[in-house]
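Take the sequence shown: its position 23, counted from the start at 1, is 22 in numbering that gives the first Met the number 0, and no numbers get skipped.
Using N, Cα and C, we set each Cβ at its ideal position, and we do this for glycine too.
Shown next, in structure tokens, is the structure this report addresses.
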Amino acid sequence: MNAREAKRQIKIKEWKELILARESSGLSIEKWCKQNNVSRDRYFYWQRIIRNTACENMLVSTDRPELQEYTSEGPEFARITLAPENHTAGEGISIRIRDLSVDISPTANNNHVRMVLEAITHA
Numbered sequence: 000m001n002a003r004e005a006k007r008q009i010k011i012k013e014w015k016e017l018i019l020a021r022e023s024s025g026l027s028i029e030k031w032c033k034q035n036n037v038s039r040d041r042y043f044y045w046q047r048i049i050r051n052t053a054c055e056n057m058l059v060s061t062d063r064p065e066l067q068e069y070t071s072e073g074p075e076f077a078r079i080t081l082a083p084e085n086h087t088a089g090e091g092i093s094i095r096i097r098d099l100s101v102d103i104s105p106t107a108n109n110n111h112v113r114m115v116l117e118a119i120t121h122a
């Protein structure tokens, strides 16, 4: 990794923390940006960079040593409960793992679904 890439990684880490702080503050993006003297465009720029980086990191490859431990654990099984017969198609997907429950709308953005699945995978 060269100095430029190292600097970028530091910036990504800093902005991840800022975005998490904004989300936990309960403030709208506009209010948070105004209070923290951050331009709205800059906020969305870094949010997009962080999301794209997260999506890139989702790709599981056996040539990435940091993922080999996770992928070599063997298969995991999940209980799938079929919907009742009166269930109508297009109601979305529900994922439940231990105490975690995720409901995905049929109109959900594909990038958001990828990020949720990454978060579940690395939790």
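CA-to-CA, the gap between residue 46 and residue 113 works out to about 15 Å.
DSSP links residue 95 through a beta bridge to 100.
In terms of CA proximity to residue 10, 44 leads the group 34, 44, 97 and 26. Residue 97 sits exposed, since fewer than 16 C-beta atoms from the chains shown fall within 10 Å of its C-beta. At a Cβ-Cβ threshold of 7 Å, residue 15 and residue 49 count as neighbours. In the structure shown, residue 110 falls within a helical segment according to DSSP collapsed to helix, strand and coil.
With distances taken between CA atoms, residue 90 lies nearest to 105 out of 99, 100 and 105. Your pair residue 39 and residue 55 does not check out as a contact, with CB atoms roughly 25 Å apart and the cut at 8 Å. The three-state reading of DSSP puts residue 117 in helix, counting H, G and I together.
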